[in-house]
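Protein chains in written order, with my numbering: chain A, 1249 to 1523; chain B, 118 to 394.
Accompanying notes for the structure given below.
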């Protein structure tokens, strides 16, 4: 009987919770330097503002000032993907570049706890990013939040940050077997600008592009946010949010399956840090 | 007298012969192009991202009709030029620093500006390919008839745009290498240029106080000239102003860049921090 099995269920649960929080905290502090004020300001405040301004001006140039809210909301919610895609992916892939992957895979710690813990703090960070985006929209571009149900909007932001982190978990697993992780991240982030509906009316896109839109995170989160800010209720967007959660879960589970499979294959073949 | 390894660098007072400098520019340019061809980050910044922006622009602006397609092709190509300059040229010296080759470059008798000029020339020239790709995308995917209305003016504008962007790169490189805070800020600088230079929409949409900022940016004058020549709205006096501003601003960037290079190299030698970052 090994030591893990000898421990009581409560002890194991406590250990896993501690592992989850330590992993979440360290993945943020150790693998990023976002607590450095300039870096955080550039990546999480100024760059998002630039994105919102650029696409809102481009959109209003195309369709008139009345459509500004469409682009402001779309791009503000899309900001969840900065944390979800880049943050989560780099948290998982960072172990490989830091040379800590052998220790991670050599530890007896619960893999699911480690895996999910990598994403947890980025869900929170993604929510903050969306809040910043909406605040920029309200302050600079006249976004009217007066008819918004704050609880429904908060829930939408939580769900969207979660679903984009699910995508990030899958991409993070991919980063264990490719050196082109930034290429993949950048590609996915920019493809989301097209397919999530943040900048385009999805109903006017070709059928195949609409089909892709329905299979990715963000699409329903952005649609929900637009409905809620226009005065819609939580009940109206609940089906969309449920689907968004489901999509996030699917991506996270696929990511976890890949993570486990890569670990098993790497140990079997002795290719732990080999591309 | 020809330059020898014992002579001081040109940035500190003496000039290496023009022919030797040209050879260095050509060699650096060739090396940079070879490097860029295998670097997925550069491939993304130069080719993929402008294509995605072109696709977005084509969908978003098609309701405007008129010459929207060629406008988007030119504008998205310019975004590729700027992103390439910002991320690739701006980080070129840091790349040398990380590779441990910056000391060798600084120790050469050739001026460091000449090396950076060669690198910038490679990246900016390569980025022009993004315009060609956007052109192909608009033609194939959208079936939009595309033609450049005033090809000779367009060609002259492209040449002057390339020169001014290379000069702007000479300004960026020492700033990025000397100051880590600016380097960390690089992600935040991409969209502001797209906005202030009017790559995909006129700056008249922006608040009036931003206009002077646009006027000191060579990319703004490049966008003015290229959009006008491609859509056939170029008047000769306006075009002369655009070209003149590209040359004047390009010269100003070179002068400021040379001064920054001198400051950076002097400080790095005094503090022995050339390979610190």
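Ideal Cβ positions, reconstructed from N, Cα and C, are used throughout, including at glycine.
Fair warning: this is a prediction, and the values are worked out from it, not measured in the lab.
Query                                                                                                                      : Result
Residue 1514 of chain A Cβ short of 7 Å to the ligand PLP heavy atom set                                                   : Absence of the ligand PLP from the depicted structure is noted, as is the absence of any ligand whatsoever, leaving it without description.
Cross-chain neighbours of residue 367 of chain B in chain A, by beta carbon under 8 Å                                      : Those do not exist, as residue 367 of chain B stays about 25 Å from chain A at its closest Cβ, beyond 8 Å.
Partners in chain A for residue 298 of chain B, counting only beta-carbon separations shorter than 7 Å                     : 1286
Rounded Cβ spacing between residue 1488 of chain A and residue 1472 of chain A (contact assumed at less than 8 Å)          : 5 Å
CB contact check: residue 1305 of chain A to chain B, cutoff 8 Å                                                           : yes
Residue span of the alpha helix (DSSP H) that contains residue 156 of chain B, given as start and end                      : No alpha helix (DSSP H) contains residue 156 of chain B, which DSSP labels as neither H nor E.
Whole-angstrom distance between residue 1475 of chain A and residue 242 of chain B, CA atom to CA atom                     : 45 Å
Chain A contact for residue 176 of chain B (CB, 8 Å cutoff)                                                                : yes
Residues near residue 1396 of chain A by beta carbon distance below 8 Å, same chain, minus five either side                : 1476, 1477 and 1479
Integer Cβ distance of residue 1329 of chain A from residue 1440 of chain A, believed to fall under 8 Å                    : 5 Å
Environment of residue 1265 of chain A [buried if 16+ CB atoms lie within 10 Å]                                            : exposed
Classification of residue 1300 of chain A by the beta-carbon crowding that lies within 10 angstroms, buried from 16 upward : buried
Boundaries of the alpha helix (DSSP H) in which residue 1386 of chain A is found, first to last residue                    : 1359-1388
Per-residue burial, residue 1296 of chain A [other beta carbons within 10 Å of its own, 16 or more giving buried]          : buried
Pick from B:152, B:161, B:153 and B:193 that is closest to residue 172 of chain B, judged by C-alpha positions             : B:193
Closer than 8 Å to chain A by CB, residue 294 of chain B                                                                   : no
Range of the contiguous alpha helix (DSSP H) that encloses residue 234 of chain B                                          : 229-259
Residue 1322 of chain A: first and last residue of the uninterrupted alpha helix (DSSP H) it sits in                       : 1316-1326
Below-8 Å beta-carbon distance, residue 180 of chain B vs any chain A residue                                              : yes
Alpha helix (DSSP H) segment containing residue 376 of chain B, residue limits                                             : 353-388
When B:174, B:385, B:365 and B:200 are compared against residue 244 of chain B, the one with the closest alpha-carbon      : B:200
Residue-chain proximity (residue 1513 of chain A, chain B), Cβ-Cβ < 8 Å                                                    : no
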